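S.K.:
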Amino acid sequence: MANLYRLTLQQRHRLPPVSTGVSSGYSTCLSCVSGVSKKSDCRRFKASRRLVVGLGAAFCSQFMTMAGTLGANSLIASARQRGAVEQVLKDVQWPEQFPFKEEDFQRFDESPDSLFYETPRFVTHIDDPAIAALTKYYSEVFPPSNTPGVSHFPPGYKQDRIVGMGMNEEELKRNPVLTEYVVQDLNLNPKLPFEDNSFDVITNVVSVDYLTKPIEVFKEMCQVLKPGGLAIVSFSNRCFWTKAISIWTSTGDADHVMIVGAYFHYAGGYEPPQAVDISPNPGRSDPMYVVYSRKASTA
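Reminder that position 188 of the sequence shown reads as 173 in the numbering used here, one-by-one numbering, no gaps.
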């Protein structure tokens, strides 16, 4: 059976569709879920967010001085010129050092996340077409199902072990696809409480924008994935902007693809990340993007 790990951080879902991981046998899934009642379009808050948090969130300017064949062009500017999201992570000239600053991971609201997420809010964070697009994508890449299931997983999908991780126990209890769950704030403790090489798949849905220690979390994900295991990070342009990190709220969709790709790259142990645009109705419904990678067989 594969082991699925659903790792959805700080989001609240009608039936949490967060991260997923898979382990020996069939599937083990790890999911982390938390959130609030209603998400806003992150783009609406870019200007004010720069004024308040400021400055390190100027993502493009950070890359202007990067060495490599891009010269004076930033990685982000190059990605935008190429157009399609799928091209953003093609042949990236990554700088030697992690290019982000500490202030890029600050939030407008730095109060304890446990307070923000203590009240269950059973809502969805993306619209129905985006959910359907993600479900379809999962159906194409997940290991074969062995029993019926729910959530954002394909209809009828279930495995012997599907682990959810989140910050609100009531929300996790309400997700019937889970065989077990862990309540944990990854921004306080990014250590995943699982054995090494135990999951086949890890999924994270509309939650990566809340991670304040993303490299630590992505390293942990790699640690618990089996060699060749798949990590899927999906996101839209919606967020709880007061809890999303500065670098996210100050940038756009192509930038977000590059940011998540950077997490995979600098965490180490992964194959080169790739991006897929699965937006169902561009301009008419919520966009949906996936950045994915596999644990290197030698990691």
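Idealized CB from N, CA, C, for every residue including glycine. Values in this document were obtained by computation on a predicted structure and should not be read as measured data.
So, at 7 Å on beta carbons, what are the nonlocal neighbours of Lys121 in its own chain, with the 5 sequence-adjacent residues on each side left out?
M.R.: Here the set comprises nothing.
S.K.: So if DSSP puts Phe292 in a beta bridge, which residue, or which two residues, is it bridged to?
M.R.: With the chain represented from -14 up to 284, any question about residue 292 goes unanswered, as that position is not in the structure.
S.K.: Which residue's Cα is closest to the Cα of Ile147: Asp185, Val126, Ser124 and Ala118?
M.R.: Closest option to Ile147, Cα to Cα, is Asp185.
S.K.: Nearest by alpha-carbon distance to Ile230: which of Val77, Leu100, Glu155 and Lys86 is it?
M.R.: Comparing Cα-Cα distances from Ile230 to each of Val77, Leu100, Glu155 and Lys86, the minimum goes to Lys86.
S.K.: To the nearest whole angstrom, what separates the beta carbons of Pro178 and Val167, a pair I think is in contact under 8 Å?
M.R.: About 6 Å; that satisfies the 8 Å criterion.
S.K.: Which same chain residues, not among the five before or five after Ala115, have their C-beta less than 7 Å away from its C-beta?
M.R.: Excluding positions up to five away in sequence, the list reads Ser221, Pro265, Ser270, Asp271 and Met273.
S.K.: Is Gly246 buried or exposed, if buried means 16 or more other CB atoms sit within 10 Å of its CB?
M.R.: Buried, because 16 or more other Cβ atoms sit within 10 Å of the Cβ of Gly246.
S.K.: By how many angstroms is the C-alpha of Thr236 removed from the C-alpha of Tyr195?
M.R.: Spanning the two alpha carbons is a distance of roughly 14 Å.
S.K.: Which full runs of the alpha helix (DSSP H) of 4+ residues lie inside the region 74 to 131, going along the chain?
M.R.: Runs found: 98 to 101 and 113 to 126.
S.K.: Here's a check: name, in chain order, each residue in its chain whose Cβ is nearer than 6 Å to the Cβ of Pro199, leaving out the five neighbours to either side.
M.R.: Taken in chain order, the residues that qualify are Tyr248.
S.K.: Would you kindly work out how many angstroms separate the C-alpha atoms of His241 and Asn160, rounded to a whole number?
M.R.: Taking the straight line from one Cα to the other gives about 28 Å.
S.K.: Quick check on the burial criterion: 16 or more other C-beta atoms within 10 angstroms. Buried or exposed for Val7?
M.R.: Because Val7 sits at a pLDDT of 36, beneath the cut-off of 50, its placement in the model cannot be relied upon, and the following sentence gives the value as read from the coordinates. Buried, since its Cβ has 16 or more Cβ neighbours within 10 Å.
S.K.: Closest to Pro175 by C-alpha separation, out of Thr283, Glu201, Ala117 and His110, would be which residue?
M.R.: Per the Cα distances, Glu201.
S.K.: Quick one: residues in its chain with C-beta nearer than 7 Å to the C-beta of Asp181, no 5 flanking neighbours on either side, listed in chain order?
M.R.: Result list for Asp181: Gln208 and Val209, in chain order.
S.K.: Give me the Cβ distance between Val77 and Ala260, rounded to the nearest whole Å; I'm assuming they're in contact under 8 Å.
M.R.: Not a contact, Cβ separation roughly 11 Å.
S.K.: Give the straight-line distance between the Cα atoms of Asp89 and Val162, rounded to the nearest whole angstrom.
M.R.: Near 35 Å, if we compare the C-alpha coordinates of Val162 and Asp89.
S.K.: Where does Val73 land, buried or exposed, given buried means 16+ other C-beta within 10 angstroms?
M.R.: By the neighbour-count rule (16 or more Cβ atoms within 10 Å), Val73 is buried.
S.K.: What residue range does the beta strand (DSSP E) around Val276 cover?
M.R.: Looking at the DSSP string, the run of the beta strand (DSSP E) that includes Val276 is Tyr274 to Arg279.
S.K.: When burial is assigned at 16 or more other CB atoms within 10 Å of the CB, is Lys75 buried or exposed?
M.R.: Lys75 is exposed by the Cβ-count criterion.
S.K.: Taking the alpha-carbon positions, what's the Met152 to Asp170 distance?
M.R.: Using only the alpha carbons, I get a separation of about 6 Å.
S.K.: So, helix, strand or coil for Asp262, using DSSP?
M.R.: Here Asp262 sits in strand by DSSP.
S.K.: I need the straight-line Cα distance from Asp262 to Gln144, nearest angstrom please.
M.R.: Whole-angstrom Cα-Cα distance: 27 Å.
S.K.: Just reading off the alpha helix (DSSP H) that Tyr248 is part of, what are its end residues?
M.R.: It spans Asp238 to Ala252 - the alpha helix (DSSP H) in which Tyr248 sits, taken as one unbroken run.
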